[in-house]
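This report refers to the structure that appears directly beneath it.
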Amino acid sequence: MTTTPQQTPQKAPRTDDLILVLGATGKTGRRLVPRLRAAGHTVRAASRSGETRFDWNERSTWAAALDGASALYLVAPEEPEPVADFVAQAVAAGVRRFVVLSGRGIEVSGESFLAGMARADRVVREADVDWTVIRANNFAQNFDEDYAHAPLLAGRLALPVGDVAEPFVDVEDIAEVAAALLTEEGHSGRVYDLSGPRALTYAEAVAEIAAASGRPMRFEAVTQEQFLAELRAAEVPEPLARELAAVFTFTAEGHLSPLATGVQDVLGRAPRDFSAYVKSAAARGAWA
Numbered sequence: 633m634t635t636t637p638q639q640t641p642q643k644a645p646r647t648d649d650l651i652l653v654l655g656a657t658g659k660t661g662r663r664l665v666p667r668l669r670a671a672g673h674t675v676r677a678a679s680r681s682g683e684t685r686f687d688w689n690e691r692s693t694w695a696a697a698l699d700g701a702s703a704l705y706l707v708a709p710e711e712p713e714p715v716a717d718f719v720a721q722a723v724a725a726g727v728r729r730f731v732v733l734s735g736r737g738i739e740v741s742g743e744s745f746l747a748g749m750a751r752a753d754r755v756v757r758e759a760d761v762d763w764t765v766i767r768a769n770n771f772a773q774n775f776d777e778d779y780a781h782a783p784l785l786a787g788r789l790a791l792p793v794g795d796v797a798e799p800f801v802d803v804e805d806i807a808e809v810a811a812a813l814l815t816e817e818g819h820s821g822r823v824y825d826l827s828g829p830r831a832l833t834y835a836e837a838v839a840e841i842a843a844a845s846g847r848p849m850r851f852e853a854v855t856q857e858q859f860l861a862e863l864r865a866a867e868v869p870e871p872l873a874r875e876l877a878a879v880f881t882f883t884a885e886g887h888l889s890p891l892a893t894g895v896q897d898v899l900g901r902a903p904r905d906f907s908a909y910v911k912s913a914a915a916r917g918a919w920a
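Numbering (the working numbering), first residue to last: 633 to 920.
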């Protein structure tokens, strides 16, 4: 559920504070960093292979990444164990503002899957800091930058989601929202659900991509057992296979289907439509 601010956020960007962006080479981070820098903010881009080395599993990398930072964009690790210690260290190091990337429905699923994300969502909200949480729908960019890309190029995307419809969110919207939350006042203690402006089934999404790319593609709804069998045949590690199956089962139950208002609430505009994403991705040859 989206928590809407009770007052219009004051657009008072702060350009003198250091903003630490974790996951800076990921889908949201690599879009957020240049957006912040273009607006005049000082940014430390941290990741396992980025400008500043940061690894959740190597605690020796934490202090240098946190040094001097007053605001933090937190993309959680897969495993939940390091989250609480990291948040405590960040607070002790002087981080005052946290913006956490989380997922819609996390208040229902808890730590049954995507446990690191769920832990970060909870731990930061319980901390004595200025926090805001972004709970996002599945990304539109998953169709060209993640799990769906290779199957689409092969002509068949098979998932255990049935005919459920979902309003996929554009990662560009997430980055723009995150930039606002990190630099504007009026968002403290808020949880924003982010989605696209319309819900469409995976079959409809694949049909749009096929039409825009000119490639033959189809979506096939499969059972969880069939999905797991295909992942095992592809030698996907069993823990990852089961987590993926759990994520899509949760999706199939309709938890992500309602439209959310977070983009409008924060940015004062409608979210980007899936068709705009498809057109842009196809134009740059994403499915060529």
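Glycine included, C-beta positions come from ideal geometry on N, C-alpha and C. Computed from a predicted model, the values in this text were never measured in an experiment.
Does DSSP put residue i in a helix, in a strand, or in coil?
i	result
L888	coil
G735	strand
Y909	helix
R874	helix
W694	helix
R669	helix
T636	Confidence at T636 is low in this model, with a pLDDT of 40, below 50, so its placement is unreliable and the value that follows should be read with caution. Three-state DSSP puts T636 in coil, outside helix and strand.
S827	coil
F859	helix
D649	coil
T684	strand
T881	helix
R904	coil
V916	In the sequence as presented, Val is not what sits at residue 916; that position holds Arg. Reduced to three states, the DSSP call for R916 is coil.
R728	coil
V868	coil
A656	coil
A790	strand
Can the beta-carbon of residue i be found less than 9 Å from the beta-carbon of residue j?
i	j	result
G661	S679	yes
A708	R757	no
Q773	V793	no
L733	G655	yes
A810	I766	yes
E902	P829	For clarity, residue 902 is Ala in the given sequence; the question names Glu instead. Going by C-beta atoms, A902 is nearer than 9 Å to P829.
S827	F851	no
S845	A918	yes
P848	G787	yes
T883	S820	no
E739	P712	no
N769	A865	no
V895	F775	no
V838	L899	no
Would you mind reading off the limits of the alpha helix (DSSP H) that contains residue i?
i	result
E836	Y834 to S845
T815	V803 to T815
V898	G894 to L899
A747	A747 to E758
H781	H781 to A786
F936	A question about residue 936 goes unanswered here, because the residues of the chain that appear run from 633 up to 920.
Beta-carbon within less than 6 Å of residue i's beta-carbon, same chain only, minus the 5 sequence neighbours each way: which residues are those?
i	result
T635	Legend: pLDDT at T635 = 46, less than 50; position of this residue unreliable, value from coordinates given subsequently. The answer, listed in chain order, is R822 and V823.
A725	L698
D762	R728, R729 and S820
A780	N774 and L789
For residue i and residue j, which I take to be in contact (beta-carbon distance under 8 Å), what is that distance rounded to the nearest angstrom?
i	j	result
L813	V731	5 Å
T727	S702	Here residue 727 is Val; the residue named in the question, Thr, does not match the sequence. Sure, about 6 Å apart at Cβ, within 8 Å.
T684	A695	Incorrect: roughly 11 Å between the Cβ atoms, too far for contact.
D805	R736	D805 to R736, Cβ: 14 Å. No contact.
L863	A873	4 Å
F859	A920	Rounded, the Cβ-Cβ distance is 27 Å, inconsistent with contact.
G748	E710	5 Å
S807	R663	According to the sequence displayed, residue 807 carries Ala and not Ser. A807 to R663, Cβ: 4 Å. Contact.
Starting from residue i, trace the beta strand (DSSP E) in both directions and tell me its first and last residue.
i	result
F851	R850 to A853
V796	Careful: V796 lies outside any beta strand (DSSP E) and carries neither H nor E.
A677	T674 to S679
D699	D699 -> no beta strand (DSSP E), and no H or E assigned at all.
D762	D762 to A768
Considering only residues of the same chain and omitting the five flanking positions on each side of residue i, which have a CB-CB separation below 7 Å?
i	result
S889	V796, A797, E798 and A831
Q856	P792, A877 and T881
V755	V715, A716 and V719
V665	V653, A656, V675 and A677
K659	F771, Q773, E777 and V803
Please return the same chain residues whose Cβ sits closer than 8 Å to the Cβ of residue i, not counting the five positions on each side in sequence.
i	result
L668	I651, V653, V675, A811, L814 and T815
V879	F745 and L746
E836	A797
V723	A759, D760 and V761
Q721	W694, A695 and L698
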